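Here the sequence shown stands for residues 35 to 565, where the numbers follow our numbering.
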Amino acid sequence: MNSNNDDFSIETPFDTDKPKINWKKPPGGKKKPWMLFAGMGTLFFLILFTALFGWFAYTSCRIEVPAKHIAILIKKTGLDIENDQELAPDADHKGIQKDVLSEGRYFYNPYHWDWEVVPMIEVPTNKLGVRIRLQGDDLGYAQIIANQPNEKGIVPDVLRPGRYPINPYLEEIKQHDPVIIPAGYKGVVTLLSAPLPKNPNVPVSQEAGTRGVQAKTLDPGTYYINPYVKHVSLVDCRSQRFDLAKLEDMGFPSKDGFWVSLDGSIEFRVKPENAAEVFVIYNDSTNDDPQGERIDEEIRNKIIMPNARSFCRLLGSNKSGRDFIGGVTRKEFQQEFQNAMRKACEPLGVEIIQALITDIYPPQRIAEPVRKREVARQQLDQFKQQILQQQSEMKLAVEKELVLRSKQLVQADQEVVTMTVQAKREQEVAVTKANETLGVAGFKLEAAKDEAVAIVARGKANADVIVFQNEAEAAGWRESVTAFGGDGNAFARYILYRAIAPGYDNIMVNTADSPMMDVFKSLQENATPKQ
């Protein structure tokens, strides 16, 4: 579009929606004042519009998602959702969106969007989260677990401790305690939601992954298991002990019609490899404990006590009452009882660690005479043992004396040998020392002789040196006197003047005829050697 004014024109190109302003200089080359004001006003309005738009975007379009929170988006414009839908399937439909915004800053148009900031789903320590999907297809008949992503219901996977950005309109989280299997226990797993096994008439499912009690158990540890999918029962596999008399009176009629009572203790444990079968067969819901099913009572009542009572009555009825007073019969009965209990309980998954018969109470009418006879027999054996012991002590005393005498003889022989060896050693030492002294004296004598010869030689050498020195000095003087024409007096004066000359720095005399100069005239005369 072009205006009637030649100063500027407004053009709208086809490739853009924004108008393009082309300023044209007037013919004189200068802009008119009202044109400058118009340009400044336009620039001012552009800056003001930009500031207002930025303020609007920062205050109304900004979504601040703080730490540990999420933002749920709600679309206000778009396509309507179906009547059976609660969440929008995508961003083109109205309603609550499935996707959420994590921590951070976002900008959305408030005309099209609304939002809600909520805390993240947090699963605390020592807890697990069970996910319940609120949207999706309905489950089939008798189905409680949503195995497919598009199904509504309980999700088989669980959430471990931590924070999760989960849309609360899409999933609900239920917190449960994890399964903790203590040391010495086994965890028996029961699948609650799984396909039925082909053969359901067995205590333990032989097909892995089918509904029912599983043959494979869990070892001690912590397991995050969905309680709607699996149920874990604790079975104590540690050794346990109980007394027979505390539970009920153990007794049996003897062969001769007397009632014999007994007391004992049995130590047992559930075999870890058979924990699942023992739990299914012998557990009763009446003894369930919050900490685990107490099948030890069922094992005592259904396995151990019936077998113990049966063995005692069958074996005890074949012996008379007085047989249980003697120690031999009681020992045999104890051994047979332990072997029979192990043989009967091992196939049932229970290991008998120890089965003891601590006391046997025979009938009192026959116990007293039999006891006295047994006491007399034991006393006889005791007396025989005492006689044998005294004989052994006598032999031991004789042997001790013989050993002591032999020891003393050996000590005496050792002392004689020691003294003889010591005397020989001392004699050898004395002879060695005497020989060493004699050799040292000989060496000293030879050294004295050599020293005397050396002293005489040194004396002669010193005398020869003195003679040679005197002869050398005499020869020097002789040559010096010869230099002075054989005049000894002249040589003597030369020596005298040479000795005193260094003591004079300056000699001051009045004339050459001074008596002082006479001393030096002699030197001048002697300086010229005779021909």
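Glycine included, each C-beta is placed from N, C-alpha and C at the ideal position. From a predicted model like this one, the values you see are computed outputs, not experimental measurements.
Residues of its chain near residue i, where Cβ-Cβ distance is below 6 Å and the 5 sequence neighbours each way are ignored
i, result
"residue 386", "302, 375, 376 and 379"
"residue 155", "198, 200 and 207"
"residue 137", "99 and 101"
"residue 525", "514, 515 and 518"
"residue 220", "251, 269, 271, 306 and 309"
"residue 487", "none"
"residue 51", "Bear in mind that the predicted position of residue 51 carries a pLDDT of just 48, short of 50, making it unreliable; the figure below should be weighed with that in mind. None."
"residue 577", "With the chain running from 35 to 565 in the structure shown, residue 577 is simply not present."
"residue 534", "none"
"residue 498", "none"
8 Å Cβ cutoff met for residue i and residue j
i, j, result
"residue 209", "residue 157", "yes"
"residue 168", "residue 226", "no"
"residue 215", "residue 261", "no"
"residue 370", "residue 349", "yes"
"residue 106", "residue 149", "yes"
"residue 112", "residue 133", "no"
"residue 313", "residue 329", "yes"
"residue 184", "residue 170", "yes"
"residue 351", "residue 287", "yes"
"residue 223", "residue 248", "yes"
"residue 140", "residue 97", "yes"
"residue 353", "residue 289", "yes"
"residue 95", "residue 143", "yes"
"residue 147", "residue 186", "no"
"residue 231", "residue 218", "no"
Cβ-Cβ separation, residue j to residue i (assumed contact under 8 Å), whole Å
i, j, result
"residue 121", "residue 108", "The pair is not a contact, with the Cβ atoms about 10 Å apart (cut-off 8 Å)."
"residue 188", "residue 176", "Between residue 176 and residue 188 the Cβ distance is about 14 Å, and since that is not below 8 Å, they are no contact."
"residue 393", "residue 278", "Not really, about 10 Å apart at Cβ, beyond 8 Å."
"residue 384", "residue 336", "Not a contact, Cβ separation roughly 10 Å."
"residue 571", "residue 135", "This structure cannot settle anything about residue 571, because the visible part of the chain is limited to 35 through 565."
"residue 256", "residue 212", "5 Å"
Which residues DSSP lists as bridging residue i, in chain order
i, result
"residue 513", "Answer is none; residue 513 lacks a bridge partner."
"residue 96", "141"
"residue 171", "185"
"residue 165", "207"
"residue 265", "224"
"residue 284", "296"
"residue 152", "104"
"residue 147", "109"
"residue 179", "188"
"residue 302", "274 and 386"
"residue 450", "In the DSSP output, where bridge partners are listed per residue, residue 450 has none listed."
"residue 157", "196"
"residue 239", "248"
"residue 616", "Residue 616 cannot be examined here, being either before or after the span of the chain that is shown, 35 to 565."
Close Cβ partners of residue i (< 7 Å) along its chain, the five nearest in sequence each way excluded
i, result
"residue 315", "237"
"residue 62", "Caution is warranted here: a pLDDT of 49 is assigned to residue 62, below 50, making its placement in the model unreliable, and the coordinate value is therefore given only provisionally. If we look at residue 62 and ignore the five residues flanking it on each side, it has no Cβ neighbours."
"residue 190", "179, 181, 260 and 263"
"residue 285", "293, 294, 295 and 296"
"residue 153", "102 and 103"
"residue 38", "Bear in mind that a pLDDT of 44 at residue 38, under 50, signals an unreliable position, so the number given afterwards is only what the model happens to contain. Excluding positions up to five away in sequence, the list is empty."
"residue 373", "none"
Extent of the continuous alpha helix (DSSP H) to which residue i belongs
i, result
"residue 329", "329–333"
"residue 349", "339–350"
"residue 276", "Residue 276 -> not in any alpha helix (DSSP H); beta strand (DSSP E) instead, spanning 274–277."
"residue 522", "522–534"
Run of the beta strand (DSSP E) containing residue i, from where it starts to where it stops
i, result
"residue 316", "Premise fails: residue 316 lies in the alpha helix (DSSP H), 309–316, not in any beta strand (DSSP E)."
"residue 129", "129–135"
"residue 390", "384–395"
"residue 245", "Taken as a continuous stretch (DSSP letters only), residue 245 belongs to no beta strand (DSSP E), as it is neither H nor E."
"residue 213", "213–215"
"residue 197", "196–198"
"residue 256", "255–257"
Spatial neighbours of residue i in its chain, beta-carbon cut-off 8 Å, leaving aside the 5 residues before and after
i, result
"residue 300", "275, 276, 278, 338, 342, 375, 386, 388, 389 and 390"
"residue 128", "109, 110, 111, 112, 113, 114, 115 and 122"
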